[in-house]
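Take a look at the structure set out below.
Numbering (the working numbering), first residue to last: 29 to 126.
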């Protein structure tokens, strides 16, 4: 493996570890208010992973980019689904409106 591939793998693993540590330390009570910011960050990471997957740096970079695209897409879609459910909890029924 070349030095460049090892560096890309190192950054990928480090980003996964840091992301896990950051999310696991957020109290459950704060997860819902932070969802909008998380969706924005996930959207940015999705764009970055698309660039990594399509940049043709090599087969390892392409495979890791595809994995990153898949993970970021799941994260964005799941975040919007959770946000939608949260917003539905606060909507009033038409009969409850004045």
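Beta carbons: idealized from backbone N, C-alpha and C, even for Gly.
Residue i - containing alpha helix (DSSP H), residue span
i, result
"residue 85", "No alpha helix (DSSP H) contains residue 85, which DSSP labels as neither H nor E."
"residue 52", "31-52"
Where residue i falls: helix, strand or coil (DSSP)
i, result
"residue 116", "helix"
Buried versus exposed, by CB contacts within 10 Å (16 or more), residue i
i, result
"residue 115", "exposed"
"residue 44", "exposed"
"residue 107", "buried"
"residue 28", "No answer is possible for residue 28: the residues shown for the chain start at 29 and end at 126."
"residue 52", "exposed"
*State whether the segment 29-43 contacts the segment 88-102, with contact taken as three or more CB pairs (one from each stretch) at a distance under 8 Å.*
yes
*Pairing CB atoms from the segment 70-81 with CB atoms from the segment 92-107, are three or more of them under 8 Å?*
yes
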